[in-house]
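Report on the structure given below.
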Amino acid sequence: MLGMFLEIVITVIFIIISSWSIYNAILFFVGLSSKLRKKQVRLSEEVINEPRVSVIIPVKNGEKVLPRLMDSLLKIDYPPEKMEIILIEDGSADKSYELCLSYAEKHPGLIKVVHRDISKGKPDALAHATKYASGDVLVIFDVDSVIKLDAVRRAVKYLGSFDIAAVQGRTTSINADYNLLTRLIFIEEVWYSIVLEGRKVLGLFVPLTGSCMFIKREYLEKVGGWNPDSLVEDMELSIRFLSKGFKILYAYDIHAQQEAPSSLRDFYKQRKRWYRGFIETLINAVRHFKKLNLRTIDALILLLSPIILVLTQLFCLSLPFIILLGYNSPFLQIMFQFLAIFLILSILITALILSIFTPWRKKSILLGLLIHFYWWLVGLITLRSIGEVLLRSRREWTTTVKRGVS
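Each residue of the sequence shown is one higher than the last, beginning at 1 in the numbering used here.
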């Protein structure tokens with residue numbers, strides 16, 4: 001009886017894991033196919049409709065990276081009379097506030113500074129800054145961003161051409177070559193950007209990702225604005241857009257770079273917040289969705305991904321112990337074969353990403369192996385996040401340290 005129960009449990013877990021793996025593989029290869037055959041859209045010299053744009057930059061201890069951002073932002077190809085830049089300085093401990101004021105003095109009428117002595121996190125800062133924004137389109141960049149000159153113009157073109165609530169651009173690390181951790185993060189970023197392309201092609205759920213976001217203000221107001229209590233304001237807003245039937249367009253050709261965590265401590269703090277936010281958003285999403293369709297199911301799968309990753313790792317760890325306990329069956333052998341195929345396939349996918357999108361071709365197999373240790377690290381952090389949710393630990397917004405490395 002116990003053996004039958006154990007086999008049922010193992011079978012159910014195996015079906016969940018294998019289905020999730022195959023699903024993500026399909027998204028990846030659909031996105032990769034689209035990326036390889038699609039040429040960048042050429043924009044006409046004139047944008048027929050040039051709405052007023054409010055660029056909002058949350059600044060918290062960004063002294064080392066703000067000049068780099070402003071250097072690219074002030075060169076943006078968009079009429080300055082139809083653009084404003086709002087620097088929401090959020091209680092920094094460094095000289096960020098003074099630096100923001102100096103930019104406002106040099107560019108009166110274009111740059112305004114909103115200051116708060118006490119920080120309540122990025123979502124609350126965005127909600128506060130939006131009150132001062134006059135634009136029809138809200139553009140959000142993190143303070144460590146470096147922006148392509150045509151980013152705003154391209155986004156406005158898409159917003160005017162499609163019935164969508166927002167455009168999400170592609171973000172990658174500016175410091176990918178800094179150390180092994182940043183290389184592995186970059187591989188994840190490239191993989192995720194291709195998966196987002198696959199989601200777009202298949203008409204599935206496309207989430208906002210926190211930076212390089214272009215949002216129609218009217219749609220933001222229709223869903224009640226920013227949620228200052230969320231740990232992942234981008235995903236939480238995306239779910240509310242989805243619940244109202246509003247769409248987000250992923251634009252691979254709109255690109256901004258940003259600084260990835262370069263230390264395990266910074267990485268741990270960032271991801272722990274992300275995955276706790278994912279789990280909390282998943283719980284709330286069930287209340288938001290009145291009916292299930294392909295896009296809502298896809299959104300739930302995405303929110304469940306950190307949990308399924310942990311489930312996969314626990315499953316792999318449990319198999320040797322199950323065999324030691326004397327349980328064995330032909331089905332278990334099939335599971336081992338599937339896991340071996342999955343391991344080889346993931347190494348090949350990583351090597352493919354590296355050969356196409358990075359200069360690290362000679363290290364592709366090594367990094368393909370190391371990416372598995374990276375996923376185990378992510379799984380451990382997710383496990384901690386799950387524990388915090390279950391224990392209802394104190395929620396805290398932590399800002400990722402920006403070191404100005406590139």
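For each residue, glycine too, the CB sits at the ideal point set by N, CA and C.
Rounded C-alpha distance that separates residue i from residue j
i: Leu110; j: Cys100; result: 12 Å
i: Glu233; j: Val9; result: 35 Å
i: Lys157; j: Ala165; result: 13 Å
i: Lys363; j: Asp253; result: 27 Å
i: Ser262; j: Asn179; result: 7 Å
i: Leu242; j: Pro123; result: 19 Å
i: Lys82; j: Asp150; result: 15 Å
i: Val59; j: Val65; result: 10 Å
i: Ile334; j: Gln313; result: 17 Å
i: Asp94; j: Val401; result: 12 Å
i: Trp443; j: Ser145; result: As displayed, the chain neither begins before 1 nor continues past 406, which places residue 443 out of reach and without an answer.
i: Ile279; j: Ile341; result: 29 Å
i: Asn293; j: Ile353; result: 31 Å
i: Leu126; j: Glu236; result: 14 Å
i: Gly368; j: Pro67; result: 35 Å
i: Ile386; j: Tyr219; result: 32 Å
i: Trp397; j: Gly121; result: 5 Å
i: Pro306; j: Pro80; result: 42 Å
i: Ile15; j: Leu202; result: 23 Å
i: Lys35; j: Lys200; result: 11 Å
i: Ala299; j: Ser161; result: 25 Å
i: Ile301; j: Lys247; result: 18 Å
i: Lys216; j: Phe338; result: 45 Å
i: Leu345; j: Arg183; result: 20 Å
i: Gly277; j: Ala25; result: 25 Å
i: Asp117; j: Ser72; result: 27 Å
i: Asp177; j: Ile349; result: 20 Å
i: Leu324; j: Ser318; result: 10 Å
i: Glu388; j: Asp142; result: 26 Å
Chain D within 7 Å of residue i, Cβ atoms only
i: Cys316; result: The structure shown contains no chain D, having only a single protein chain.
DSSP bridge partner residues for residue i (one or two, in chain order)
i: His255; result: Arg170
i: Lys216; result: Val137
i: Val55; result: Ile85 and Val139
i: His115; result: Glu89
i: Val389; result: BP columns for Val389 are empty, so no partner.
i: Ile248; result: Ala166
Secondary structure of residue i, DSSP reduced to three states
i: Val152; result: helix
i: Ile164; result: coil
i: Arg265; result: helix
i: Val12; result: helix
i: Leu204; result: coil
i: Ile187; result: helix
i: Gly65; result: In the sequence under discussion, the amino acid at residue 65 is Val, which differs from the Gly named in the question. Coil.
i: Val223; result: coil
i: Leu292; result: coil
i: Ile76; result: coil
i: Tyr103; result: helix
i: Tyr192; result: helix
i: Val146; result: strand
i: Gly277; result: helix
i: Arg403; result: coil
i: Ala158; result: Looking at the sequence itself, residue 158 is Tyr, so the reference to Ala does not match. Three-state result, Tyr158: helix.
i: Ser33; result: helix
i: Asp177; result: coil
i: Trp20; result: helix
i: Glu396; result: coil
i: Asp234; result: helix
i: Asp298; result: helix
i: Asp124; result: helix
Same chain, Cβ closer than 6 Å to residue i, neighbours up to 5 away in sequence not counted
i: Ser193; result: Arg170
i: Val55; result: Ile85 and Val139
i: Val310; result: Gly379, Thr382 and Leu383
i: Leu181; result: none
Other residues of its chain near residue i: CB distance less than 7 Å, five sequence neighbours each side excluded
i: Arg395; result: Leu231
i: Tyr268; result: Ile381
i: Gly225; result: Ala127 and Thr130
i: Ser21; result: Phe342
i: Val405; result: Asn175, Tyr178, Glu259 and Ser262
Contacting residues, own chain, Cβ-Cβ under 8 Å from residue i (five flanking each side not counted)
i: Ile322; result: Leu6, Ile10 and Leu332
i: Ala251; result: Arg154, Ala155, Tyr158, Val167, Gln168, Gly169 and Arg170
i: Asn61; result: Ser92, Ala93, Asp94, Ser96, Thr399, Val401 and Lys402
i: Tyr78; result: Glu50, Val53, Val152, Arg153 and Val156
i: Ile13; result: Leu311 and Phe315
Does the pairing of the stretch 85-104 with the stretch 210-227 give three or more beta-carbon distances under 8 Å? no
Three CB pairs or more closer than 8 Å across the stretch 244-260 and the stretch 171-191: yes
_Any contact between the stretch 27-38 and the stretch 193-207? By contact I mean 3 or more CB pairs, one from each, below 8 Å._
yes
Would you check if the stretch 107-124 and the stretch 176-187 touch, i.e. whether three or more CB-CB distances between them fall below 8 Å? no
(request) Taking 8 Å as the threshold, find out whether the stretch 147-161 comes into contact with the stretch 264-278 through three or more Cβ pairs. (result) no
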